[in-house]
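Heads up, the sequence shown is in this note's numbering, so the first residue is 752 and it goes up one at a time.
Note that the Cβ used here is the ideal one computed from N, Cα and C, for glycine as well.
Here the structure is a predicted model, which means the values were calculated and not measured.
See structure below.
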Amino acid sequence: MKKLIRGFGYAFKGLAYAAQTQLNFRIHLGAMLIALALGFYLHISTAEWCWIVACIAAVLITELLNTAIEILVDLVSPEYNAKAGHIKDVSAAAVLITAIFAAIVGAIIFIPKF
């Protein structure tokens, strides 16, 4: 049981690190709060909530993975390396695609309600 509790502690430590050090993660957290507030204000359906929550999770997870990849690349390749740069670029592109998808889903759900 102690290992389980310790594991949650590490996970929350990772979330705190991302929130403290990554501007984009904080931006995504702000977008999450806006999406949640709009969802409550506009009384979206259960199915719409499922899409919103899935998009929020996907964006935050992708941003966390991007952060982990960037830290790892910096660790194994502290000097400039073109391939290391490509790794970071591709990782950032994954976040971009996820965020675009989430924005499209949000537009599909929220725009008709205005």
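Item                                                                                                                                                                                    : Value
Hey, out of Leu816, Phe852 and Val804, whose CA is closest to Ala734's CA?                                                                                                              : This structure cannot settle anything about residue 734, because the visible part of the chain is limited to 752 through 865.
What would DSSP say about Glu799, mapped onto helix, strand or coil?                                                                                                                    : helix
What did DSSP end up calling Met752 once you bin it into helix, strand or coil?                                                                                                         : coil
Which residue comes first and which comes last in the alpha helix (DSSP H) that contains His794?                                                                                        : Run containing His794: none; DSSP gives neither H nor E here.
Give every residue of the same chain whose Cβ lies closer than 6 Å to the Cβ of Ile807, excluding the five residues on either side of it in the sequence, and list them in chain order. : Met783
Going by beta-carbon coordinates alone, are Lys839 and Leu793 separated by less than 8 Å?                                                                                               : no
Check the Cβ-Cβ distances between Thr818 and every residue of chain D, and say whether any is below 8 Å.                                                                                : Within the model displayed, chain D is absent; a lone protein chain is all it includes.
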